[in-house]
Amino acid sequence: TTLNVMQPPAPTYTYVGFLKRPRSNSAILKDQRGELYTVREGDIVEGRFRVAAISDRGVDVVDKDLNIKHTLPFIAAPGGTSLPGRAPGSIQPPPPSSEEGDEEP
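Next comes the structure, spelled out in structure tokens:
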């Protein structure tokens with residue numbers, strides 16, 4: 750009997766923009782269809798990948814199903830990085846913090 754092990758699916762996003770903010774950095778990801786996603790740490794992208802860390806060099810995402818970390822390196826978008834975000838619906842924000850007074854205005 751032969752056992753074929755398939756490689757886990759890799760995210761199909763490109764990291765094209767970085768927004769440095771005092772409380773929470775944001776990243777702009779682009780999928781293969783050209784759809785844009787503005788994400789923060791803790792967000793879930795398309796129900797599969799949790800954004801674990803964002804820096805100006807890369808975004809770490811974790812496959813929720815397989816618990817495998819992937820790093821998306823920063824790739825500058827043509828014409829700059831001030832790209833609009835995707836409409837709500839495909840990004841799930843992280844659950845609310847249990848700490849009081851930690852809400853953003």
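Sequential numbering from 750 applies to the sequence shown in the numbering used here.
Ideal Cβ placement from N, Cα and C applies to all residues, glycine included.
How far does the beta strand (DSSP E) with residue i in it reach, from first residue to last?
i	result
Ala-759	First-last for Ala-759: undefined, no H or E at that position.
Lys-813	From DSSP, Lys-813 is part of no beta strand (DSSP E); its letter is neither H nor E.
Arg-789	785-789
Lys-769	First-last for Lys-769: undefined, no H or E at that position.
Val-800	798-803
Rounded to the nearest angstrom, what separates residue i and residue j at their Cα positions?
i	j	result
Leu-821	Ile-803	10 Å
Ile-777	Asn-753	36 Å
Here's a check: name, in chain order, each residue in its chain whose Cβ is nearer than 8 Å to the Cβ of residue i, leaving out the five neighbours to either side.
i	result
Val-811	Phe-798, Arg-799, Ala-801, Ile-817, Lys-818, His-819
Gln-781	Thr-761
Gln-756	none
Ala-759	His-819
Thr-750	none
Please work out which residues of its chain come closer than 6 Å, Cβ to Cβ, to residue i, disregarding the five sequence neighbours upstream and downstream, and give them in chain order.
i	result
Arg-806	Phe-823
Using 10 angstroms around the beta-carbon of residue i, count the other beta-carbons present and answer buried if the total reaches 16, otherwise exposed.
i	result
Lys-779	buried
Asp-792	buried
Val-794	buried
Gly-766	buried
Got a sec? Which residues, its chain only, sit under 7 Å from residue i by beta carbon, not counting five neighbours each side?
i	result
Asp-809	Ala-801, Ala-802, Lys-818, Thr-820
Asp-814	Arg-797
Taking the CB atoms as reference points, tell me whether residue i and residue j lie closer together than 8 Å.
i	j	result
Ser-775	Thr-787	yes
Glu-790	Ser-773	yes
Is the shortest distance between the beta-carbon of residue i and the beta-carbons of chain D less than 8 Å?
i	result
Ile-817	Among the chains of the structure shown, chain D does not appear; only one protein chain is present.
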